[in-house]
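In structure tokens, the structure reads:
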């Protein structure tokens, strides 16, 4: 009995210590108002560690001692987001921001509305899931539906509460998925790059890359030293959260224990929004972290729900990107790259210059016509900008700085890689190398084949492809599946583990869905969606390869150019040889077609637009296919019905323009339920 009372006393002491440490963590990492010295803080932590070591039965996942895992992990599991992490549409001017406001006004009618404007932190988007106030999982955005489980690394960020504080208005939500942006301060970025430079390692290009790279490290102890931080700014899925607006949510997140960027404002109209954006365009250089614009959100959650979202982005939120930073630099040369379809692309070789957070030494010039239009010459001083602060772009030439020594560029008549003749494609701006065995094309095709949207062969990236092709270990896709462990292990920077991982990834890819294989083959004009349509229509590569141009053109998503391209691809003897190799290696070239459960929609094509009440977009499309119909993402004269939900997009206007029948969700419901 005495021993039991003693243990209860120790448990209370441990919990008291945890609460005190959490309070000091909040004061130091979130409010920036420390009240004790680092030495006194360390004494508290060591005392807690000592007690938990003595009494391991009292260790809990939310204890401050559990932030850093003891051993490195082997890899990251993939987890599904309860609510899709959508991206944002961007605007780049005041006019575009006003157009967004007009769309909001049109959809909300006479209702009054207001905005909340926040800084757009240039970092890594993550979701943090809490159950009954305890942090249980953290994930990267990934593709919006699924992301990497980086819980162990996120736990090392001191501004992420492991246990939420109750709020007066509603306690703690039972389940809450908080959205935030992980970032790295300028000071930390400079420090890490100094350390990497000293060690002779490649430097990070900017703080965002440093934050992203740090989050994907397998050793949480190293992550803990990277000085990552986070600002919480939204919620995805939640149960029992009492918030009614974005402004209220930000205040609530602070009360729950999250770090929220203090520089946000409630704005009554678009003029006030623009004024606030302009202020931060000037003030952003004073911040200790990078921002690349502002985020403008409708404040009311009821109105947010009414406005809805497209498949990619919410209609109630938009990013205002600051005007692209422009710099002058010297265009020292123009090199030509060869893509997987043989297209020759001129690339500007620039005197390296720092712009919008990265050092730029190259920029695409797109094609010969574009070079002539801008009168770009080798040796010119050019104005460079980052379009959307992502892609470097040569905007114009500073002709006043010409010396007369500049040289005009001429597209080569022979491929710079294989020396085969090049040819201008009729009715196109493209110039192509016609040698399908050109090493540059071969490499690009391999990279495409192994990419995530295609066969998704992890470990078969650009560097590995270079080695495989240069060492003549592979000549076409089929030969990938005959690579042996011993050969891979002998390559540069390939140990036993890396070689085995690649062999396993290659084996795994043999069972991919047919749509991924069709896309991986790299048929010109066939993207991810078209590959999906072809896979749903034909049950095997063999069936698809026997179809003529006329048959293919009958498909809703396939036009005459794509149909011709598909036909020519499968008539090529080289293609037939590759498919034979894939078949012999055991790659799945067919897929059992699901038999429709009904035929009431047979032969009819449906397109969906707007937010449906009874179904998700995916569920509605699947229902159409199960009843023998076709579901498409684009409208043409072949479309039979456009089903309109709330807040329809531009597809509604296009349907009316083409005279395609428009029906509402209730009518669609009657059609699918009709006996």
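Residue numbers (this note's numbering): 15 to 689.
We put the CB at the ideal spot given by N, CA and C, even for glycine.
CB of residue i within 9 Å of CB of residue j, strictly
{"i": "residue 455", "j": "residue 355", "result": "yes"}
{"i": "residue 653", "j": "residue 682", "result": "no"}
{"i": "residue 243", "j": "residue 197", "result": "yes"}
{"i": "residue 67", "j": "residue 159", "result": "no"}
{"i": "residue 457", "j": "residue 483", "result": "yes"}
{"i": "residue 14", "j": "residue 338", "result": "Nothing can be reported for residue 14: it is not among the residues displayed for the chain, which extend from 15 to 689."}
{"i": "residue 361", "j": "residue 400", "result": "no"}
{"i": "residue 627", "j": "residue 660", "result": "yes"}
{"i": "residue 152", "j": "residue 138", "result": "no"}
{"i": "residue 679", "j": "residue 656", "result": "no"}
{"i": "residue 531", "j": "residue 589", "result": "no"}
{"i": "residue 22", "j": "residue 76", "result": "no"}
{"i": "residue 333", "j": "residue 100", "result": "no"}
{"i": "residue 394", "j": "residue 415", "result": "yes"}
{"i": "residue 192", "j": "residue 249", "result": "yes"}
{"i": "residue 206", "j": "residue 218", "result": "yes"}
{"i": "residue 520", "j": "residue 471", "result": "yes"}
{"i": "residue 690", "j": "residue 133", "result": "The structure shown has nothing for residue 690, since the chain only spans 15 to 689."}
Of the listed residues the options, nearest to residue i (C-alpha basis)
{"i": "residue 90", "options": "163, 60, 35, 53", "result": "163"}
{"i": "residue 98", "options": "603, 364, 660, 155", "result": "155"}
{"i": "residue 412", "options": "341, 459, 470", "result": "341"}
{"i": "residue 431", "options": "576, 447, 103", "result": "447"}
{"i": "residue 686", "options": "527, 651, 460, 638", "result": "638"}
{"i": "residue 562", "options": "584, 543, 541", "result": "584"}
{"i": "residue 344", "options": "359, 177, 366", "result": "366"}
{"i": "residue 123", "options": "211, 321, 328", "result": "321"}
{"i": "residue 574", "options": "389, 381, 205, 540", "result": "540"}
{"i": "residue 453", "options": "463, 490, 426, 443", "result": "490"}
{"i": "residue 529", "options": "512, 466, 589, 173", "result": "466"}
{"i": "residue 650", "options": "668, 576, 644, 210", "result": "668"}
{"i": "residue 271", "options": "247, 577, 616, 428", "result": "247"}
{"i": "residue 308", "options": "551, 105, 488", "result": "105"}
{"i": "residue 498", "options": "317, 559, 306, 599", "result": "599"}
{"i": "residue 254", "options": "56, 512, 185", "result": "185"}
{"i": "residue 146", "options": "350, 297, 190", "result": "190"}
{"i": "residue 209", "options": "187, 487, 240, 251", "result": "240"}
{"i": "residue 256", "options": "285, 181, 130", "result": "181"}
{"i": "residue 372", "options": "109, 224, 387, 569", "result": "224"}
{"i": "residue 617", "options": "258, 445, 569, 200", "result": "569"}
Alpha carbon of residue i to alpha carbon of residue j, nearest angstrom
{"i": "residue 150", "j": "residue 518", "result": "31 Å"}
{"i": "residue 516", "j": "residue 506", "result": "14 Å"}
{"i": "residue 475", "j": "residue 73", "result": "43 Å"}
{"i": "residue 303", "j": "residue 313", "result": "25 Å"}
{"i": "residue 603", "j": "residue 677", "result": "38 Å"}
{"i": "residue 359", "j": "residue 289", "result": "41 Å"}
{"i": "residue 216", "j": "residue 647", "result": "43 Å"}
{"i": "residue 58", "j": "residue 79", "result": "11 Å"}
{"i": "residue 526", "j": "residue 469", "result": "7 Å"}
{"i": "residue 202", "j": "residue 171", "result": "14 Å"}
{"i": "residue 461", "j": "residue 113", "result": "40 Å"}
{"i": "residue 514", "j": "residue 503", "result": "8 Å"}
{"i": "residue 473", "j": "residue 167", "result": "23 Å"}
{"i": "residue 594", "j": "residue 549", "result": "19 Å"}
{"i": "residue 724", "j": "residue 493", "result": "Look at the range of the chain in this structure, 15 to 689, and you will see that residue 724 is not part of it."}
{"i": "residue 425", "j": "residue 382", "result": "7 Å"}
Unbroken beta strand (DSSP E) run spanning residue i, endpoints
{"i": "residue 263", "result": "Premise fails: residue 263 lies in the alpha helix (DSSP H), 260–270, not in any beta strand (DSSP E)."}
{"i": "residue 644", "result": "644–646"}
{"i": "residue 569", "result": "Neither: residue 569 is in no beta strand (DSSP E) and is coded neither H nor E."}
{"i": "residue 99", "result": "Premise fails: residue 99 is in no beta strand (DSSP E) and is neither H nor E."}
Cβ neighbour criterion (16 or more within 10 Å) applied to residue i
{"i": "residue 144", "result": "buried"}
{"i": "residue 417", "result": "exposed"}
{"i": "residue 405", "result": "exposed"}
{"i": "residue 422", "result": "exposed"}
{"i": "residue 28", "result": "buried"}
{"i": "residue 263", "result": "buried"}
{"i": "residue 33", "result": "exposed"}
{"i": "residue 293", "result": "exposed"}
{"i": "residue 436", "result": "buried"}
{"i": "residue 276", "result": "exposed"}
{"i": "residue 194", "result": "buried"}
{"i": "residue 368", "result": "exposed"}
Element boundaries [alpha helix (DSSP H), containing residue i]
{"i": "residue 141", "result": "Element bounds for residue 141: not the alpha helix (DSSP H) but the beta strand (DSSP E), 138–145."}
{"i": "residue 375", "result": "Careful: residue 375 lies outside any alpha helix (DSSP H), inside the beta strand (DSSP E) at 372–378."}
{"i": "residue 743", "result": "The structure shown does not extend to residue 743, since the chain spans only 15 to 689, so no value can be given for it."}
C-beta neighbour in chain B for residue i, strict 9 Å
{"i": "residue 532", "result": "In the structure shown, chain B does not exist; there is a single protein chain."}
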